[in-house]
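Q: Numbering (the working numbering), first residue to last: 59 to 319.
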């Protein structure tokens, strides 16, 4: 899977299936099931390290798990999270940290936030580092947001739309939309040429992503956008295949798994 192929999938109206992974065994099962994008997310702080947020995760944590996952992936595009204050700091720090993750095996890095951070996305993209933007609920900003809350309702929707366009203009190759109303996510997806990947953002995004533990019914929290894909399956690889099929058929997420205005 390549970035031009992901863009082609958007143009063709074919959905993109993505999921997080943190080790070789699960990553291999995802890859064999046909996952398009695998993310080594800083969500490892929650589901691997047992922390209350992603803020304590450091670059070395992400790089270690990226190396593990990269050894098992042969088909999917591998993306890795820039941790707290890596993407939001100086452009040179963002570039240096991105280089660490790319050398660890990532094909793309993901950075949270827009506004003043769009310049860092442009700086990385201009130097050959593919970037995935991330707006809406940005977990690295959980303390300033006041918790894990839906973003972009009402008048705030115009701000998220503007941020999406700003990041697209800056050169991001993908855009994650997290915990935003389904109608707003549909508007953003139509407004930008880059593929949008939703998590709690309704069915109109160009693709979907879930934290692996949530998709296997193991999450400590159960947001409304989560579905247990292991239930009724005879194994984990079958669960990944069921998730991919549900995303590509457009039956995940359902209306009850999406947020309204």
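Every residue, glycine too, gets a C-beta built ideally from N, C-alpha and C.
Remember, predicted model here, so these are calculated numbers, not experimental data.
#1: Quick check on this structure: which residue in 253, 145, 134 has the alpha carbon closest to the alpha carbon of residue 173?
#2: Less than 7 Å between C-beta atoms, sequence neighbours within five positions excluded: which residues of the same chain meet that for residue 251?
#3: State the Cα-Cα distance for the pair residue 26 and residue 136, rounded to the nearest angstrom.
#4: So, under 8 Å CB-CB, residue 259 and residue 301 are touching, yes? Tell me the CB distance rounded to an integer number of Å.
#5: Would you list, in sequence order, the uninterrupted beta strand (DSSP E) runs of no fewer than 3 residues that lie entirely inside the stretch 123-148?
#6: Please report how far the alpha carbon of residue 66 lies from the alpha carbon of residue 140, in whole angstroms.
#7: Looking only at its own chain, which residues have a Cβ that is under 6 Å from the Cβ of residue 299, when we skip the five neighbours before and after it?
#8: Ordered along the chain, which non-local residues of its own chain (more than five positions away) have a Cβ less than 6 Å from that of residue 204?
#9: Between the stretch 126-133 and the stretch 178-190, do three or more beta carbon pairs fall short of 8 Å?
#10: Can you find at least 3 beta carbon pairs, one from the stretch 280-287 and one from the stretch 63-82, that sit closer than 8 Å?
#11: Going straight from the alpha carbon of residue 168 to that of residue 192, what length do you get?
#12: Across which residues does DSSP place residue 88 in a beta bridge pair?
#13: Give me the residue from 294, 263, 228, 184 with the minimum Cα distance to residue 243.
#14: Unbroken beta strand (DSSP E) runs of length 3 or more, entirely within the stretch 191-217: which are they?
#15: In whole angstroms, give me the CA-to-CA distance for residue 105 and residue 190.
#16: Tell me whether residue 291 sits in a helix, a strand or coil according to DSSP, three-state version.
#17: Does the Cβ of residue 290 have 16 or more other Cβ atoms within 10 Å, making it buried, or fewer, making it exposed?
#18: Just to confirm, does residue 85 get its C-beta within under 6 Å of one of the non-hydrogen atoms of the ligand ZN?
#19: DSSP beta-bridge partners for residue 236?
#20: Give the secondary structure of residue 252 by DSSP, where H, G and I count as helix, E and B as strand, and everything else as coil.
#21: Rounded to a whole number of angstroms, what is the C-alpha to C-alpha distance between residue 306 and residue 237?
A: If we stick to the structure as given:
#1: 145
#2: 226
#3: Residue 26 is absent from the model: the chain starts at 59 and stops at 319.
#4: Incorrect: roughly 16 Å between the Cβ atoms, too far for contact.
#5: 135-139
#6: 26 Å
#7: 91
#8: none
#9: no
#10: no
#11: 7 Å
#12: Paired residues: none, contrary to the question.
#13: 263
#14: none
#15: 22 Å
#16: coil
#17: exposed
#18: Annotation note on the ligand ZN: not contained in the displayed structure, which lists no ligands.
#19: 194, 257
#20: coil
#21: 20 Å
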